[in-house]
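Here is the structure we will look at.
See below:
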């Protein structure tokens, strides 16, 4: 058993968690994304699914909400990039 001291924890960190740093480097965006979700949960898209987006855009496209010359496929791709708050504003 290793005595509890800050030096022993840092020196044995690689023994106990050998791939922790590698996994964290692969997930560079995760801390920023978690911070964004914690501060502004509507700035990500988690409520509306892709099926919802397709349904909404097919309903709104004939009404000219996106303009008269917009192609439905391009509108769907654009709206898929929207967050929950933007979709909500679009529907209201």
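Numbering (our numbering), first residue to last: 9 to 100. C-beta: ideal position from N, C-alpha, C; glycine also.
Bounding residues of the alpha helix (DSSP H) (the contiguous stretch that carries residue 85)
Along the chain shown, one-based indexing puts residue 85 at 77. Its alpha helix (DSSP H) spans residues 80-88.
Return the chain-ordered list of same chain residues with a C-beta closer than 7 Å to the C-beta of residue 62, the five sequence neighbours on each side being excluded.
Residue numbering aside, residue 62 sits at position 54 when the chain shown is read from its first letter. Only 84 meet the Cβ criterion.
Given a cut-off of 8 Å on the beta-carbon distance, is the pair residue 55 and residue 81 in contact?
If you number the chain shown from 1, residue 55 lands on position 47. If you number the chain shown from 1, residue 81 lands on position 73. In this structure, residue 81 does not lie closer than 8 Å to residue 55 by Cβ.
Near residue 58, which residues of its chain fall below 7 Å by C-beta distance, leaving aside the five closest residues on each side in sequence?
Counting from 1 along the chain shown, the entry for residue 58 is found at position 50. Contacts found: 88.
For residue 53, which residues from the same chain have a beta carbon less than 6 Å from its beta carbon, with the 5 sequence-adjacent residues on both sides left out?
Numbered from its first residue, the chain shown carries residue 53 at position 45. Counting only Cβ-Cβ distances below 6 Å, and skipping sequence neighbours, we find 91 and 92.
Distance, residue 99 Cα to residue 74 Cα:
Position 66 of the chain shown, counting from 1, holds the residue named residue 74. Position 91 of the chain shown, counting from 1, holds the residue named residue 99. Going by the C-alpha atoms only, they are around 12 Å apart.
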